[in-house]
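Each position in the sequence shown, counted from 1, maps to that position plus 1 in this note's numbering. Note that the Cβ used here is the ideal one computed from N, Cα and C, for glycine as well. Computed from a predicted structure; not experimentally measured. Working notes for the structure below.
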Amino acid sequence: MTVEMFVCLGYGRFSYTGGDFRVGETPALTLGEGFSYTSYGPGDNVAGDRRSEIWFNSTEVGGTSSGSGLDMAQTAPEASDIVADAMSVSGASVSFSGLDVDDDNDEDEDENKLPPGWIAGAIVTLKAPVNYQVSIEGGFNVLTGDVVSEIAPFSGMPVTLTFNGTDYDLQIATYTPHQDAVPGTGGATAVLRASASPSTYDFTTTSQTFALTWQGITYTISLVANYGTMSGLLAAINGGLNGSGLIAQDDGGVIRIVEISSPWRGGSITSSFLPASVFGDSPVFTAGTASSGGIPAVTASVTLAYDSGTAFSGLPEGTQRISLAHRATNTR
């Protein structure tokens with residue numbers, strides 16, 4: 002956070018240089034680009050300085066007995082963070098659905114409002130968690146999901162990982178890029194097909210969470226926002242299937258989940274519960290048969306380490322909602 006002050010030193014003209022300024026006991030000149038000032042003399046127009054927009058007259062502050070200057074603190078609005086069910090980005094524009102101020106109070110009237118501190122020029126950090134399949138290999142957490150390629154990772158790249166509200170400053174230890182499959186011969190994909198079209202695309206009032214198990218791994222899908230269209234709903238489901246090798250498709254107005262490509266692995270997609278509002282009352286499960294030959298696709302993955310090079314393994318295994326971005330990425 003940058004602290005800005007608009008201070009009147011007194012009446013008349015003053016003679017001073019940059020070396021006369023201190024921040025606490027620290028000479029301002031030693032702060033380099035971290036400190037700057039603009040001086041105004043009697044009669045100067047300060048209308049172009051944004052600090053003059055919020056100006057309060059105060060009585061003389063006076064000195065301190067310690068001789069070390071005034072103790073200063075910086076303040077910010079009580080709630081400067083927000084949470085949202087979904088975020089859409091188009092160029093430099095960002096829109097939110099299910100927006101609320103992150104103040105642990107869902108009963109007040111701050112829904113669908115940005116905090117007062119979110120003004121033009123404010124610096125904000127946008128965190129968009131996605132599903133990764135997390136495992137541990139050789140003492141390192143492995144994050145598997147093709148979405149990781151969006152940050153163009155490379156070995157040694159500093160990143161910030163956010164999980165359960167905690168930020169971890171780490172580095173990419175290794176990166177395995179996505180590799181397309183080499184199709185096999187014969188076989189057939191496993192299929193899960195809905196028995197009816199979705200009855201709604203809006204899950205803001207009644208959310209739905211369900212799990213699909215494929216090849217011994219369970220993938221959890223949570224529907225919590227208004228997705229608007231079939232394509233929006235499919236995108237949400239595919240987000241939960243990230244790294245599974247499965248894909249949700251529109252099959253004549255109903256949802257169909259299949260393997261992405263040959264070689265088919267064989268076996269069945271299973272689930273103990275599927276919401277009727279998405280899959281109808283009687284979804285159909287069809288077992289697949291394995292192909293012969295071919296090479297399965299390789300899903301992109303990274304391993305993580307602390308800046309010292311020590312392996313990072315602080316994430317539980319399984320499907321986890323994680324935000325992974327360039328170190329301290331900020332957007333103005």
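* Reference V84; option with closest CA among T39, A236, V125, G92 -> Working through the sequence shown from its first residue, we reach residue 84 at position 83. Selected option, being the one with the closest Cα: V125.
* Over the uninterrupted alpha helix (DSSP H) stretch that includes S278, give me the two end residues. => Position 277 of the sequence shown, counting from 1, holds the residue named residue 278. Note, S278: alpha helix (DSSP H), 277-280.
* In the DSSP assignment, what are the bridge partners of D170? -> The residue you call residue 170 lines up with position 169 of the sequence shown. Listed as beta-bridge partners of D170 by DSSP are T161.
* Asked: Among all the DSSP beta bridges, which residues are the ones paired with G146?
  -> Locating residue 146 in the sequence shown gives position 145, where the first residue counts as 1. G146 is not bridged to any residue.
* Asked: Comparing the CB of P317 with every heavy atom of the ligand MN, is any distance shorter than 7 Å?
  -> Absent from the structure shown: the ligand MN. Ligands present: none.
* Asked: S150 and A301 look like a contact to me (Cβ under 8 Å); what is the Cβ gap, rounded to whole Å?
  -> Position 149 of the sequence shown, counting from 1, holds the residue named residue 150. Position 300 of the sequence shown, counting from 1, holds the residue named residue 301. That pair is a contact at about 5 Å.
* Give a yes or no on whether the C-beta atoms belonging to A93 and A182 are separated by under 8 Å. => Numbered from 1 along the sequence shown, position 92 holds the residue referred to as residue 93. Numbered from 1 along the sequence shown, position 181 holds the residue referred to as residue 182. Remark: C-beta atoms of A93 and A182 do not approach each other more closely than 8 Å.
* Asked: How do the region 308-323 and the region 216-235 stand: do at least 3 beta-carbon pairs fall below 8 Å, yes or no?
  -> yes
* To do: Check whether the Cβ atoms of G267 and T304 lie closer than 8 Å to each other.
  => Residue mapping note: residue 267 aligns to position 266 of the sequence shown, counting from 1. Residue mapping note: residue 304 aligns to position 303 of the sequence shown, counting from 1. Not in contact: G267 and T304 (Cβ atoms no closer than 8 Å).
* For V1, which beta-bridge partners are listed by DSSP? -> Residue 1 lies beyond the range of the chain shown here (2 to 333); nothing can be said about it.
* Under 8 Å, do N227 and T207 count as touching if we go by C-beta distance? -> Position 226 of the sequence shown, counting from 1, holds the residue named residue 227. Position 206 of the sequence shown, counting from 1, holds the residue named residue 207. For N227 and T207, no; Cβs fall outside 8 Å.
* Simplified DSSP state of L305, which is helix, strand or coil -> Translated into positions along the sequence shown, residue 305 becomes position 304. When DSSP states are grouped into helix, strand and coil, L305 belongs to the strand group.
* **Backbone secondary structure at A237 - three-state DSSP** => Indexing the sequence shown from 1 puts residue 237 at position 236. If DSSP states are grouped into helix, strand and coil, A237 belongs with the helices.
* Nonlocal neighbours in the same chain, by C-beta distance under 7 Å from V47, ignoring five residues either side -> In the sequence shown, residue 47 corresponds to position 46, counting from 1. Leaving aside the five residues that flank V47 on each side, the residues in its chain whose CB is nearer than 7 Å to its CB run, in chain order, Y41, S53.
* Can you tell me the Cα-Cα spacing of V255 and A237, whole angstroms? -> Against the sequence shown, residue 255 aligns to sequence position 254. Against the sequence shown, residue 237 aligns to sequence position 236. Between V255 and A237, the C-alpha separation is close to 15 Å.
* Under a three-way DSSP split, which group does E260 fall into? -> Indexing the sequence shown from 1 puts residue 260 at position 259. Looking at E260 - three-state DSSP - the assignment turns out to be strand.
* Asked: Taking the C-alpha atoms as reference points, what is the distance between T332 and T27?
  -> Residue mapping note: residue 332 aligns to position 331 of the sequence shown, counting from 1. Residue mapping note: residue 27 aligns to position 26 of the sequence shown, counting from 1. Because the pLDDT of T332 is 49, which lies under 50, any placement of that residue in the model is unreliable, and the number read from its coordinates should be weighed accordingly. Distance between the alpha carbons of T332 and T27 is about 30 Å.
* To do: Return the chain-ordered list of same chain residues with a C-beta closer than 8 Å to the C-beta of S283, the five sequence neighbours on each side being excluded.
  => Start at 1 with the first residue of the sequence shown, and residue 283 comes out as number 282. If we look at S283 and ignore the five residues flanking it on each side, its Cβ neighbours are S196.
* In the DSSP assignment, find the beta strand (DSSP E) that holds R322 and state where it starts and stops. => Here residue 322 is taken as the residue at index 321 of the sequence shown, counted from 1. Unbroken beta strand (DSSP E) run through R322: 319-327.
* Reduced DSSP secondary structure (H/G/I, E/B, other) of G92 -> Start at 1 with the first residue of the sequence shown, and residue 92 comes out as number 91. Reduced to three states, the DSSP call for G92 is coil.
* Fully enclosed by the region 199-239, which beta strand (DSSP E) runs are 3 residues long or longer? -> Listed in chain order, the beta strand (DSSP E) elements of length 3 or more contained wholly in the region 199-239 are 209-215, 218-224.
* Given that a residue counts as buried once 16 or more other Cβ atoms are within 10 Å of its Cβ, and exposed if not, what is N142? -> Within the sequence shown, the letter at position 141 stands for residue 142. Of the residues assessed, N142 falls on the buried side of the cut-off, its CB having 16 or more other CB atoms within 10 angstroms.
* **Given T214 as reference, the closest of G188, T39, D203, G241 once Cα atoms are compared** => Taking the sequence shown and counting its residues from 1, the one referred to as residue 214 is at position 213. Ranking the options by Cα distance to T214, first place goes to G241.
* Where do the N-terminal and C-terminal ends of the beta strand (DSSP E) with E151 fall, by residue? -> Here the question's residue 151 lines up with position 150 in the sequence shown. Segment: none, E151 is in no beta strand (DSSP E) and carries neither H nor E.
* **Counterpart residues of E138 in DSSP-defined beta bridges** => For this step, residue 138 is matched to residue 137 along the sequence shown. BP columns for E138 point to F141.
* Are the beta-carbon atoms of G217 and P264 separated by less than 8 Å? -> Position 216 of the sequence shown, counting from 1, holds the residue named residue 217. Position 263 of the sequence shown, counting from 1, holds the residue named residue 264. For G217 and P264, no; Cβs fall outside 8 Å.
* Asked: L193 by DSSP, collapsed to three states: which one?
  -> Against the sequence shown, residue 193 aligns to sequence position 192. It is a strand residue.
* **Own chain, CB closer than 7 Å to S314, minus 5 neighbours either side, in chain order** => Looking up residue 314 in the sequence shown gives position 313. Excluding residues within five positions, the ones whose Cβ falls inside 7 Å are I137, G140, F141, N142.
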